[in-house]
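Chains S and F supply the protein sequences, listed in that same order. For reference, each letter of the first sequence is one residue, going 27 to 468 in the working numbering. For reference, each letter of the second sequence is one residue, going 60 to 393 in the working numbering.
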Amino acid sequence: MDLEFSAAQEEFRQKARAWLAAHVPSDPLPSLETEEGFAAHRAWEGELAADRWSVVSWPEEYGGRGAGIVEWLVFEEEYYAAGAPGRVSQNGISLLAPTLFDFGTPEQRARVLPPMARGEVIWAQAWSEPEAGSDLASLRSTARRAPGGWVLNGQKTWSSRAAFADRAFGLFRSDPAADRPHRGLTYLMFPLDTAGVTVRPIGRIDGKPAFAELFLDDVFVPDEDVIGEPGQGWRIAMATTGEERGLTLRSPGRFLATADRLLRDWRAHGDPADTALRDRVADAVIGARAYQLFTWSNASRFEAGEAIGAESSLNKVFWSEYDIGVHETALDLLGADGELRGAEGFAGEWSTPDGTEHAEPADRTGTTDTAAPPGGTPPPCRTPPPDRAPPTDWTPPPDRTPPTDWTEGYVFALAGPIYAGTNEIQRDIIAERLLGLPKGRR
Amino acid sequence: MRFLLDDEQRDFARSLDGMLTAADTPAAARAWAAGEHAAGFALRQRIGAAGVFALAAPEAYEGVGPSPVETAVAFVELGRHAVPGPLVETVAAVALLARLAALGVPEPAERSLPTLVGGGASATLTLPGAGPYALDADASAVLLAAGDGEVRLAPGHAEPRASLDPARRLARLLAGGEVVASGDAAADAAGRALDWAALATAAQSLGVGYALLDRTVAYVRGRTQFGAPVGSFQAVKHRLADVLVGLEFARPLVFGAAVSLRDGDQSAARVDLAAAKVATGEAVYGAARAALQLHGALGYTAEYDLSLWLLKARALRGAWGGVGRWRERVVAGG
Numbered sequence: 027m028d029l030e031f032s033a034a035q036e037e038f039r040q041k042a043r044a045w046l047a048a049h050v051p052s053d054p055l056p057s058l059e060t061e062e063g064f065a066a067h068r069a070w071e072g073e074l075a076a077d078r079w080s081v082v083s084w085p086e087e088y089g090g091r092g093a094g095i096v097e098w099l100v101f102e103e104e105y106y107a108a109g110a111p112g113r114v115s116q117n118g119i120s121l122l123a124p125t126l127f128d129f130g131t132p133e134q135r136a137r138v139l140p141p142m143a144r145g146e147v148i149w150a151q152a153w154s155e156p157e158a159g160s161d162l163a164s165l166r167s168t169a170r171r172a173p174g175g176w177v178l179n180g181q182k183t184w185s186s187r188a189a190f191a192d193r194a195f196g197l198f199r200s201d202p203a204a205d206r207p208h209r210g211l212t213y214l215m216f217p218l219d220t221a222g223v224t225v226r227p228i229g230r231i232d233g234k235p236a237f238a239e240l241f242l243d244d245v246f247v248p249d250e251d252v253i254g255e256p257g258q259g260w261r262i263a264m265a266t267t268g269e270e271r272g273l274t275l276r277s278p279g280r281f282l283a284t285a286d287r288l289l290r291d292w293r294a295h296g297d298p299a300d301t302a303l304r305d306r307v308a309d310a311v312i313g314a315r316a317y318q319l320f321t322w323s324n325a326s327r328f329e330a331g332e333a334i335g336a337e338s339s340l341n342k343v344f345w346s347e348y349d350i351g352v353h354e355t356a357l358d359l360l361g362a363d364g365e366l367r368g369a370e371g372f373a374g375e376w377s378t379p380d381g382t383e384h385a386e387p388a389d390r391t392g393t394t395d396t397a398a399p400p401g402g403t404p405p406p407c408r409t410p411p412p413d414r415a416p417p418t419d420w421t422p423p424p425d426r427t428p429p430t431d432w433t434e435g436y437v438f439a440l441a442g443p444i445y446a447g448t449n450e451i452q453r454d455i456i457a458e459r460l461l462g463l464p465k466g467r468r
Numbered sequence: 060m061r062f063l064l065d066d067e068q069r070d071f072a073r074s075l076d077g078m079l080t081a082a083d084t085p086a087a088a089r090a091w092a093a094g095e096h097a098a099g100f101a102l103r104q105r106i107g108a109a110g111v112f113a114l115a116a117p118e119a120y121e122g123v124g125p126s127p128v129e130t131a132v133a134f135v136e137l138g139r140h141a142v143p144g145p146l147v148e149t150v151a152a153v154a155l156l157a158r159l160a161a162l163g164v165p166e167p168a169e170r171s172l173p174t175l176v177g178g179g180a181s182a183t184l185t186l187p188g189a190g191p192y193a194l195d196a197d198a199s200a201v202l203l204a205a206g207d208g209e210v211r212l213a214p215g216h217a218e219p220r221a222s223l224d225p226a227r228r229l230a231r232l233l234a235g236g237e238v239v240a241s242g243d244a245a246a247d248a249a250g251r252a253l254d255w256a257a258l259a260t261a262a263q264s265l266g267v268g269y270a271l272l273d274r275t276v277a278y279v280r281g282r283t284q285f286g287a288p289v290g291s292f293q294a295v296k297h298r299l300a301d302v303l304v305g306l307e308f309a310r311p312l313v314f315g316a317a318v319s320l321r322d323g324d325q326s327a328a329r330v331d332l333a334a335a336k337v338a339t340g341e342a343v344y345g346a347a348r349a350a351l352q353l354h355g356a357l358g359y360t361a362e363y364d365l366s367l368w369l370l371k372a373r374a375l376r377g378a379w380g381g382v383g384r385w386r387e388r389v390v391a392g393g
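What follows is the structure in structure tokens.
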């Protein structure tokens, strides 16, 4: 049992770190849940892909580096430590791509994956329907056989990223006569900009169009866009949702970076007498480390050839609740600034605990300097790189994450226990499949 | 990077589990609570023969260590079986004496380690900033008092006081006695002892948590109300699911702390140890609350064996300093 990385893994870490240091935008991108931000994040995907950093775990032929799971986790740590943008392609990369690797044809992989890796085609998921949420197998949208393909009808909803995405994937009822609800479903990919598809964006709780309703009215999909065998969609989709809950949707790197920011903010601005808040900061640090080690443990099992099954539900419950908790703690630390909302990224001023204000530098950097400073005691902090030195009349503000980074993250985190299978469904899975408790009425 | 127990470590856990299952440890814990130490001493000898105390000592003193990962493996099993006695304390004392020897003070180690390592006797101790009481001093041959810049062999102990956990008794150590180390060596060795105490307690606590969960799962599967096993009701299922989430995310912290104690630099190791202490304290206490609630009134009786683990969970949460103190270490960075 060890936590040592091989020389090759360390070299990979250094390569990723160097690339990110040179490429991560110094100005934060606008929220990816806005039209402008979506476009900016799409462009960032292209920049990542140009140097093969968008899908490091994929085979080289599709734009990846053939990296193993340990390297992938290392990359994710570096990615978020560098303050790099959120991944607008995440639905495609972490949900559709694993499905294509397991169930797709070589033709589908060759056609779908490279443009996904480059951010040229961004994918939305189309699972839920107005009457089919946790009980997904009761879905009603249909796929009807037609010459050379299928004709889709029905309504999908809560489709993340669909407001600006290019294509979507989901389940449709292809055999209404099947004896059980989860039989007779087919897994299909379809364009969002084609005749018969109406996309109606839905404002999430802060109003940003983070998801959408999809109305499908005689939408033709060719046979080549069916994944796996018709009628086998449920089995295939469950494999995908396993990925979603499991190792690939939320890497520990993201939470380690968040906990590090919180700890830094606490050390710079926390009231040492507020031990109740200090304890919550400690729990945020502990939780990120727990999630990291839990993931290393699963990665080791995975590398040893073990399958990660229902355990992914433990993961999903943990990270989704952790994410809310760490943001709540940050907002409580911010006090009055904890309600500041940044629709387009923070570009204003923040106040100190005594109510005075600090000007925000125009070119706030998103980089993290992880080198230990002389003396070694202060934690890593965001500092402008030498080529982006602040104006000489500007005094660096207190080393502190802009409040709006926390409020944006908080709003995003609130959805965690709901999507990707609600935490109630996850707890049922944990109780029945891991603890062996009897099935009962939901 | 291979963050997984190897076959040998798993076999070690299985063999301890098998030995302790056959040994009727609940009866030994109840006897210990009544002041009858014979069964507990016999267990200690078997645990020593299995090599558990040797894990904290170097080869020069008949040890096989330092082996924090294997120590964690062992203490999960000791907790799972509610084994009574100053086991954590003996390991911490072994680590303290071994550290003193490494710092050029070999005599106390030469005198006490062979017996402690072999399981022939127990030690107990108090450490600076980690509470005033020594566990089970009346059942210990070696009484170490660390603090005020020295390590003493205490000449005795005050009258033991009862713990919430009847199988634990707490006593202050008497002043005076032989000073075996002082200055930097004493402080360093006491710090090392606290590291091992925290690790072993976190692991023991985790084992207590799994025992509580396993017993509660078995109970709710069998207990029928409204014509169905109560374990089929969502309110019950979800509570137990949360217990498993808590334990499964505390577990890697315990083994991560063990690896850090073995391989890492000291301040990183101390953050990890503190994290493990806090996380097991919370998760295992949560497991105890859920276990009590889901057993109903039965769990609230002294007669039912569940109480052995319920009360130990509470006691271990506060052992070696409260959770706030350990959280403070996390935020301070070690």
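No residue lacks a Cβ here, since even glycine has one placed at the ideal position from N, Cα and C.
- In the structure shown, T212 of chain S falls within a strand segment according to DSSP collapsed to helix, strand and coil.
- Looking at F:E95, F:K371 and F:A72, the one whose alpha-carbon comes closest to that of A198 of chain F is F:E95.
- Per the Cβ contact rule, the region 104-115 of chain F is in contact with the region 124-138 of chain F (3 or more Cβ pairs under 8 Å).
- When the beta-carbon positions are compared, S160 of chain S and E450 of chain S come within less than 9 Å of each other.
- Contact annotation for V318 of chain F against chain S: M27, D28 and L29 [CB-CB distance below 7 Å, chain order].
- Per DSSP, F71 of chain F is one residue of the alpha helix (DSSP H) stretching across D66 to A81.
- Contact residues of the region 303-335 of chain S toward chain F are R304, D305, V307, A308, D309, V311, I312, G313, R315, A316, Y317, L319, F320, W322, S323, A325, S326, R327, E329 and A330 (C-beta to C-beta distance below 8 Å).
- Contact of P464 of chain S with chain F is assigned, a C-beta pair being separated by under 9 Å.
- Listed along the chain, the chain F residues whose CB falls inside 9 Å of the CB of W292 of chain S are V390.
- Counting C-beta pairs closer than 8 Å gives fewer than three between the region 288-304 of chain F and the region 332-341 of chain F, which falls short of the contact rule.
- Residue contact with chain F for Q40 of chain S: absent (no Cβ-Cβ distance below 9 Å to any residue of chain F).
- Annotated as proximal: R211 of chain F and A204 of chain F, with beta-carbon spacing under 9 Å.
- With a threshold of 16 other beta carbon atoms within 10 Å, T84 of chain F meets it and is buried.
- Secondary structure of E239 of chain S (DSSP, three-state): strand.
- Runs of alpha helix (DSSP H) with 4 or more residues, each lying fully within the region 106-186 of chain S, are found at 123-129 and 132-143, listed in chain order.
- With its beta carbon at least 9 Å from every one in chain F, A107 of chain S lies outside the interface.
- In the structure shown, G259 of chain S adopts helical secondary structure according to DSSP, grouped into three states.
- Where P311 of chain F is concerned, the enclosing alpha helix (DSSP H) starts and stops at Q293 to D322.
- For A160 of chain F, there are no neighbours in chain S by C-beta distance under 9 Å, as the nearest C-beta there is about 26 Å away.
- Along the region 281-303 of chain F, the positions whose C-beta sits under 8 Å from a C-beta of chain S are A287, P288, G290, S291, F292, Q293, V295, K296, H297, L299, A300, D301 and L303, read in chain order.
- With a threshold of 9 Å between beta carbons, T301 of chain S makes contact with chain F.
- Following the DSSP letters along the chain, one finds L233 of chain F in no beta strand (DSSP E), marked with neither H nor E.
- Taking a beta-carbon distance threshold of 9 Å, D331 of chain F counts as an interface residue toward chain S.
- With a contact defined as Cβ atoms closer than 8 Å, G72 of chain S and V82 of chain S miss out at about 16 Å.
- Beta-carbon to beta-carbon, T275 of chain F and L353 of chain F are separated by about 5 Å, close enough to satisfy the 8 Å threshold.
- The criterion of a C-beta distance shorter than 9 Å is satisfied by A240 of chain F and V164 of chain F.
- The beta carbon of R386 of chain F sits closer than 9 Å to some beta carbon of chain S.
- The Cβ-Cβ distance between A196 of chain F and L271 of chain F does not fall below 9 Å.
- Selection F:G144, F:K296, F:A90 and F:E218 evaluated against G178 of chain F yields F:G144 as nearest (Cα-Cα).
- The beta carbon of H208 of chain S is closer than 8 Å to those of A163 and W260 in its chain, skipping five residues each way along the sequence.
- At least one C-beta of chain S is nearer than 9 Å to the C-beta of D322 of chain F.
- For T183 of chain F, there is no enclosing alpha helix (DSSP H); the enclosing beta strand (DSSP E) has its first and last residue at A182 to T185.
- Only those residues of the region 63-89 of chain F whose C-beta falls short of 9 Å from the nearest C-beta of chain S are listed: L63, L64, D65 and Q68.
- Here the C-alpha atom of D247 of chain F lies approximately 20 Å from the C-alpha atom of K336 of chain F.
- Residues of chain F whose Cβ lies closer than 7 Å to the Cβ of F344 of chain S are, in chain order, V304 and F308.
- Taking a cut-off of 8 Å on C-beta distances, the region 224-243 of chain S touches the region 181-192 of chain S, as three or more cross pairs fall below it.
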